[in-house]
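There are 2 protein chains.
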Amino acid sequence: MRRSIATVSLSGTLEEKLRAAADAGFDGVEIFENDLIASPLRPRRVRDLAGSLGLGIDLYQPFRDFEGVDEARLERNLRRAEAKFALMVELGADTILVCSNAAPDAVDDDARSAAQLRRLAETAERFGVRVAYEALAWGGAVNRYAHSWRIVEMADHPSLGVCLDSFHILSRDDDPAGIRDIPGEKIFFLQLADAPRMAMDVLQWSRHYRCFPGQGGFDLTGFTDHVLAAGYTGPLSLEVFNDVFRASDARRTAADAMRSLTLLEDSLGRAPEGPRPTVELRRLPAPTRPSGYAFVEVAAEVESARRVRTILSALGFAHTHDHRSKPVQLWRHGDARLLLNSTDPRLGHTWDGPASVTALGVAVPDPEGAVDRAGRLLAPALPRRRDPAESDLHAVAAPDGTAVFFCAEGEGSPDWTADFSTPVGRDRVEGVAAGPVTIDHVGLFQPFDHFDEASLFYRSLFGLTPDENVEMAAPDGLVRSRALAGRDGGPRVVLNVSVLSRGARADAEGGAQHIALSCDDVFAAAEAMRAAGVDPLPIPDNYYDDLACRTDLRPDTRERMRENGVLYDRDDDGEFWHFYTATVDGRLFFEVVQRSGGYDGYGAANSAVRMAAQRAEAAR
Amino acid sequence: MRRSIATVSLSGTLEEKLRAAADAGFDGVEIFENDLIASPLRPRRVRDLAGSLGLGIDLYQPFRDFEGVDEARLERNLRRAEAKFALMVELGADTILVCSNAAPDAVDDDARSAAQLRRLAETAERFGVRVAYEALAWGGAVNRYAHSWRIVEMADHPSLGVCLDSFHILSRDDDPAGIRDIPGEKIFFLQLADAPRMAMDVLQWSRHYRCFPGQGGFDLTGFTDHVLAAGYTGPLSLEVFNDVFRASDARRTAADAMRSLTLLEDSLGRAPEGPRPTVELRRLPAPTRPSGYAFVEVAAEVESARRVRTILSALGFAHTHDHRSKPVQLWRHGDARLLLNSTDPRLGHTWDGPASVTALGVAVPDPEGAVDRAGRLLAPALPRRRDPAESDLHAVAAPDGTAVFFCAEGEGSPDWTADFSTPVGRDRVEGVAAGPVTIDHVGLFQPFDHFDEASLFYRSLFGLTPDENVEMAAPDGLVRSRALAGRDGGPRVVLNVSVLSRGARADAEGGAQHIALSCDDVFAAAEAMRAAGVDPLPIPDNYYDDLACRTDLRPDTRERMRENGVLYDRDDDGEFWHFYTATVDGRLFFEVVQRSGGYDGYGAANSAVRMAAQRAEAAR
């Protein structure tokens, strides 16, 4: 199917928007009128530029408050429309979006609106233009797609059809199944936007918080499937008003948009009824479901690496092997494997930033397939580590710059562990409770502009499912958090971002990162760590007093928690116990968690206490 | 009256919040439970610290979902409450806020809720604690203050009263006049918050967008007057949940909060019925209404100053005098006076930043009174320019750092113009249409954290009235704009801020500034400027094509506009014509406007076109 994007979804000048859309591989654009009006390029120049970039101009939009008006107004509106149709001929755009009248004085009279739209269509026909009529969710008289279709049917003109916009339909919880009853050739245009579920005025929601399909809470696959079932063969076009995208790098946003559409088109091909005969749906290689983290790599400068090693040892990790050719250590504990690197793997020189998570190794059944899929999803490939001494691992860059490696599960090939061929120690530290330790999740602070992009990145590459956003109050402002996890286990990742783009937290380089390890006895782990001379992050006594008020935890349990800095959460399915280590370089800390029952969260209720404790720690 | 602030209104740790509140002169605080739980200070230490800072702990808050529950739950809630009352004794807090039950399973049964709250009050009494029951706007059964009062009346216990929160009442458009019928001694606490008018879910609105009285759209004076009329004598306490304040410097926020309460208290004293006999209301010196700008000062480095002079000359300004002792030039045109300074007045050395507005001279009838008022409103006084050769002007720093000078109107004293005693030129440039030019408004980009503070600064010092916020789409993101103007003329100021705190616009140093001059023939002004060799900011032809579609402007008028880069706006009251100059140093530009009829806006509809044109200009 043809793929388009509205210029309003991207930042910059009209020319910059067109170039970004072309670079990301779009076939066409919707030109938002304000972008043209503010451009020094005359319409014919825009047409030429778009043509030279391989872009069609699929829609000119929007034309507002046309129908449901009195006669004098109709004549004025028709004159205005005629001028716009002439402009569209120059522009080479053959479809205009006409939004249902949202003015307070719009007349609710279907026959009148149909007659007026028919006049508009007759005028449009003379210019070779088609009119796509769309029900705005906040339209005065017409605000449901079924209503817009009734009026179009009544007007009965070949140059008049409907435009369907997923936001206007799904934001109102309208049932999209009725779209199947609209003849496909009368659906002139399809605009796609997702959005997080928000309790707010629909106009504000629409104009500020739309996002690309797969980034929000709407079922865009189901929606679009109805439209294809109706016989629609036009473009899949993204019309996304989003405050962050408006202010972000247009090329990155366009690539993010294309990733979204690629995933959507693939999911349509997998719909139960299979691909539509009328359209060709491009498919991706099947998603390869990761079973977990093969490793997590941490880079640190010399003194910080020493602090990390002290913590890891106290947590029961053992330094078992060294890399055969690089200053990278393999640390193991149960199934958890961490690489400790004191060289910047991207730059080849000694790491001089704060201790950081630099790479995630994800264990997948089919690394080649995963790489192929990632490439088609526009994940930026990283240079391969190809020298003969090393395994041939593929990696891509996540939106925050973290390298994501595709590793074979179990004994599969390529076997990255073969590079760590120099044994240096015992398999485990004596006297430390080991237990079956795994990497529970990795928490990564994201650059403000790329939070939704990061969510879609992990979702599209690995089939992880995002939770709802959670907001947490840090002493220096709100932090938004979104966890992603596989449906049947596999790696979990928690993305955090400053709600206001500001201060240290606004910058990925400055945001906190953590590695959470799961075990089946959080107290034993904490006590072993303390016995090894490493204290947990101190949690205020006031926290435990409050816990006494609101839970039935036994006093001796609370006392043991207090001694070990253990925090507690529960939900209907189970309980969660967790403690934190100190933070290295103000950036990287470790967490140890114990899940019981079906608890599936991350202890977000305790985050404010944790962040305040970290601030107190930093001030010491 | 006693003045308090909730710790949740400020950023930082509990200790930092207490210190900030004390520094701003508050008498007490409401301690938000989460702030205590996350604090390493035990309750008794908090009490001691607050006491040493001269702060009382006026409220402990909140206690949630207590009433309207089944018996088993009630017993658990009472145990929880008892633990909190014991904590309050340690803390030295004698009033607890109990919010109406917002849980979905809250039982709507007044008799039950009254009986349960009575049990709570009986328990509280044993600890010497009072219970203030508040109707949350989103309470399940109880969400109106009148309802909370009915239940309190029914419960009939001396340790139970109501807490009134302006947000919960005014956000629902509830009529506050009924408060007068509540006995004053049963109003245990008063929480004040303003908020901008927003169409959104009331809970989200409440938790993210509250602001200090005078910064939003609610009538806090009228509201509080009802509460005083009821006989309330407790604290005026600010409970403001605001995402920006949470992330801003706590001391500045606390000073902003105190300015807000000071203004509110003064306005209460001016209410028609006069001050209440039961409370003492502190008064401010009467506001002194400025008649306009005495001057605007621009600082620029040498080459930029040359460009500014070229523009000013072309606009008909004449360099009439030099300062007697400093490298500052006085430029005049009609009533408009600009000072051009190539020395940083604050630093005393040559200005090396981009050309900037550094000072506003505001003409007031009573400079001494204005200075006194500004001081009591915590406006930071700037060092006076006191050397014998100069007039004795007082100045304060606006939140963005701009110096605001209090000048005498007309021939009043001190006469700052006496310093400009060195005549250097003619009073006006020959051959240039002069017309009655005045300074229409000054537009200043604000630091992200201080937008609401700046609005309250100009409002409180000069009695300016803020317009509603307007949002404008720049090529690199949305910009929010708020204009302030006197009711009967006087200076206008337009404050702009990036909607997302990011990029150059997030930083006041990088944000655009402009000086708008009004005249009665914008075309003559533009043509004279062009004749003098200075081009206006070029406006795209596409803009004029669109104007042809949507207005009845005559073709020759449109052509003359196009030639001169003149933009157009209109409203029900009149028309607005305006053009822009080029931008100096990417920061400072001039605008020339012509208002006709009763048009009272600023051409915001054209801002997106202007900002795109400025971006194109910057790219050349």
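Protein sequence lines, in the order shown, are assigned to chains A and B. Mapping to this note's numbering: the first sequence position 393 is 397, numbers consecutive. Mapping to this note's numbering: the second sequence position 361 is 365, numbers consecutive. Where is the CB? At the ideal position from N, CA and C, for every residue including glycine.
*Residue range of the alpha helix (DSSP H) that residue 192(A) falls in?*
In the first sequence, counting from the first residue as 1, residue 192(A) sits at position 188. Not the alpha helix (DSSP H): residue 192(A) falls in the beta strand (DSSP E), residues 191-196.
*asked:* DSSP three-state label for residue 333(A), please.
replied: Within the first sequence, the letter at position 329 stands for residue 333(A). If DSSP states are grouped into helix, strand and coil, residue 333(A) belongs with the strands.
*What runs of the alpha helix (DSSP H), each 4 residues or longer, lie entirely inside the segment 112-148 of chain A?*
114-130
*Which stretch, first to last residue, makes up the alpha helix (DSSP H) that contains residue 462(B)?*
Counted from its first residue, the second sequence places residue 462(B) at position 458. 455-466 is the span of the alpha helix (DSSP H), which, as asked, contains residue 462(B).
*asked:* Starting from residue 99(B), trace the beta strand (DSSP E) in both directions and tell me its first and last residue.
replied: Along the second sequence, read from residue 1 onward, the residue named residue 99(B) stands at position 95. From DSSP, the beta strand (DSSP E) with residue 99(B) extends over 99-103.
*Is it true that the CB of residue 240(A) sits closer than 9 Å to the CB of residue 463(A)?*
For this step, residue 463(A) is matched to residue 459 along the first sequence. For this step, residue 240(A) is matched to residue 236 along the first sequence. No. Outside cutoff.
*Give me whichever residues DSSP pairs with residue 65(B) in a beta bridge.*
Counting from one through the second sequence, the residue named residue 65(B) turns up at place 61. DSSP output for residue 65(B) lists 36(B) as bridge partner(s).
*Kindly list the residues whose CB is nearer than 6 Å to the CB of residue 5(B), restricted to its own chain and excluding five residues on each side of it in sequence; keep chain order.*
Start at 1 with the first residue of the second sequence, and residue 5(B) comes out as number 1. Cβ neighbours of residue 5(B) beyond the five flanking positions: 240, 283.
*How many Å lie between residue 417(A) and residue 388(A) at the Cα?*
Along the first sequence, read from residue 1 onward, the residue named residue 417(A) stands at position 413. Along the first sequence, read from residue 1 onward, the residue named residue 388(A) stands at position 384. Those two C-alpha atoms are separated by around 16 Å.
*For the putative contact between residue 134(A) and residue 99(A), defined by C-beta atoms under 8 Å, what is the C-beta separation to the nearest angstrom?*
On the first sequence, position 130 is the one that residue 134(A) refers to. On the first sequence, position 95 is the one that residue 99(A) refers to. Rounded, the Cβ-Cβ distance is 5 Å, consistent with contact.
*asked:* Quick check: residue 608(B) and residue 485(B), are their CB atoms within less than 9 Å of each other?
replied: Stepping through the second sequence from its first residue, residue 608(B) is reached at position 604. Stepping through the second sequence from its first residue, residue 485(B) is reached at position 481. Contact flag set, yes.
*Could you please tell me which residues of the segment 445-461 of chain A, in chain order, have their CB closer than 7 Å to any CB of chain B?*
452
*beta strand (DSSP E) containing residue 170(A): first to last residue?*
Counted from its first residue, the first sequence places residue 170(A) at position 166. Per DSSP, residue 170(A) belongs to no beta strand (DSSP E); it is in the alpha helix (DSSP H), 170-174.
*Given that a residue counts as buried once 16 or more other Cβ atoms are within 10 Å of its Cβ, and exposed if not, what is residue 563(A)?*
Here the question's residue 563(A) lines up with position 559 in the first sequence. Flag for residue 563(A) reads exposed.
*Measure the Cβ-Cβ separation of residue 334(B) and residue 327(B) and say whether it is below 9 Å.*
Here residue 334(B) corresponds to residue number 330 of the second sequence, with the count starting at 1. Here residue 327(B) corresponds to residue number 323 of the second sequence, with the count starting at 1. Contact flag set, yes.
*Quick one: residues in its chain with C-beta nearer than 6 Å to the C-beta of residue 365(B), no 5 flanking neighbours on either side, listed in chain order?*
Here the question's residue 365(B) lines up with position 361 in the second sequence. Closer than 6 Å at Cβ, skipping near neighbours: 298, 299, 409, 411.
*What separation, rounded to the nearest whole angstrom, lies between the Cα atoms of residue 117(B) and residue 64(B)?*
As a working mapping, residue 117(B) is identified with position 113 in the second sequence. As a working mapping, residue 64(B) is identified with position 60 in the second sequence. Each residue's alpha carbon lies about 21 Å from the other.
*Closer than 8 Å by C-beta to residue 370(A): which residues in its own chain qualify, once you throw out the five before and the five after it? Chain order, please.*
If you number the first sequence from 1, residue 370(A) lands on position 366. Hits under 8 Å: 292.
*Cβ-Cβ separation, residue 249(A) to residue 101(A) (assumed contact under 8 Å), whole Å*: Counting from one through the first sequence, the residue named residue 101(A) turns up at place 97. Counting from one through the first sequence, the residue named residue 249(A) turns up at place 245. Between residue 249(A) and residue 101(A) the Cβ distance is about 20 Å, and since that is not below 8 Å, they are no contact.
*Short check: CB of residue 460(B) to CB of residue 219(B), under 9 Å?*
Counting from one through the second sequence, the residue named residue 460(B) turns up at place 456. Counting from one through the second sequence, the residue named residue 219(B) turns up at place 215. In contact: residue 460(B) and residue 219(B) (Cβ atoms closer than 9 Å).
*Determine the chain A residues that contact residue 44(B) at a beta-carbon separation under 7 Å, and present them in chain order.*
For this step, residue 44(B) is matched to residue 40 along the second sequence. Chain A residues near residue 44(B): 544, 620.
*What are the start and end residues of the beta strand (DSSP E) that includes residue 301(B)?*
Here residue 301(B) refers to the residue found at position 297 of the second sequence. Start and end: 296-303.
*Which residues mark the beginning and the end of the beta strand (DSSP E) in which residue 411(A) is found?*
For the purposes of this step, residue 411(A) is taken as residue 407 along the first sequence, with counting starting at 1. Counting along the chain, the beta strand (DSSP E) containing residue 411(A) begins and ends at 407-412.
*Below 9 Å between beta carbons: does that hold for residue 413(B) and residue 368(B)?*
Locating residue 413(B) in the second sequence gives position 409, where the first residue counts as 1. Locating residue 368(B) in the second sequence gives position 364, where the first residue counts as 1. It is a contact, given that the beta carbons lie within the stated cut-off.
_Pair within 9 Å by beta-carbon distance, residue 128(B) and residue 90(B)_ = Taking the second sequence and counting its residues from 1, the one referred to as residue 128(B) is at position 124. Taking the second sequence and counting its residues from 1, the one referred to as residue 90(B) is at position 86. Their beta carbons are not under 9 Å apart, which means residue 128(B) does not touch residue 90(B) by this criterion.
*Identify the continuous beta strand (DSSP E) that holds residue 572(B) and give its terminal residues.*
Translated into positions along the second sequence, residue 572(B) becomes position 568. It spans 571-574 - the beta strand (DSSP E) in which residue 572(B) sits, taken as one unbroken run.
_Reduced DSSP secondary structure (H/G/I, E/B, other) of residue 219(A)_ = On the first sequence, residue 219(A) is found 215 positions in, with the first residue counted as 1. Reduced to three states, the DSSP call for residue 219(A) is coil.
*Determine, using beta carbons only, whether residue 240(A) comes closer than 9 Å to chain B.*
Residue 240(A) sits at position 236 when you count from the first residue of the first sequence. False, the Cβ-Cβ gap to chain B never drops below 9 Å.
*List, in order along the chain, the chain A residues whose C-beta lies closer than 9 Å to that of residue 16(B)?*
For the purposes of this step, residue 16(B) is identified with residue 12 of the second sequence, where counting begins at 1. Simply 479, 480, 619.
*Through-space distance from residue 447(A) to residue 336(A), alpha-carbon basis*: In the first sequence, counting from the first residue as 1, residue 336(A) sits at position 332. In the first sequence, counting from the first residue as 1, residue 447(A) sits at position 443. Roughly 20 Å separates the two Cα atoms.
*Whole-angstrom C-beta distance between residue 97(B) and residue 61(B), which should lie under 8 Å*: On the second sequence, position 57 is the one that residue 61(B) refers to. On the second sequence, position 93 is the one that residue 97(B) refers to. Yes, residue 61(B) and residue 97(B) are in contact; Cβ-Cβ is about 4 Å, under 8 Å.
*Would you mind working out which of 234(A), 233(A), 214(A) sits nearest residue 242(A), comparing C-alpha positions?*
What you label residue 242(A) is simply residue 238 of the first sequence in a count that begins at 1. Residue 242(A) has its Cα closest to that of 214(A), out of 234(A), 233(A), 214(A).
*Anything in chain B within Cβ reach of residue 550(A), meaning under 7 Å, just list it in chain order.*
Residue numbering aside, residue 550(A) sits at position 546 when the first sequence is read from its first letter. Neighbours of residue 550(A) on chain B, chain order: 41.
*Excluding sequence positions up to five away, which residues of its chain have a Cβ less than 7 Å from the Cβ of residue 181(A)?*
Walking along the first sequence from the start, residue 181(A) turns up at place 177. Answer for residue 181(A): 230, listed in chain order.
*Per DSSP, residue 482(A) is paired with what?*
Within the first sequence, numbered from 1, the residue matching residue 482(A) stands at position 478. Partner(s): 477(A).
*Using DSSP bridges, identify the partner residues of residue 398(A).*
For the purposes of this step, residue 398(A) is identified with residue 394 of the first sequence, where counting begins at 1. Residue 398(A) pairs with 410(A).
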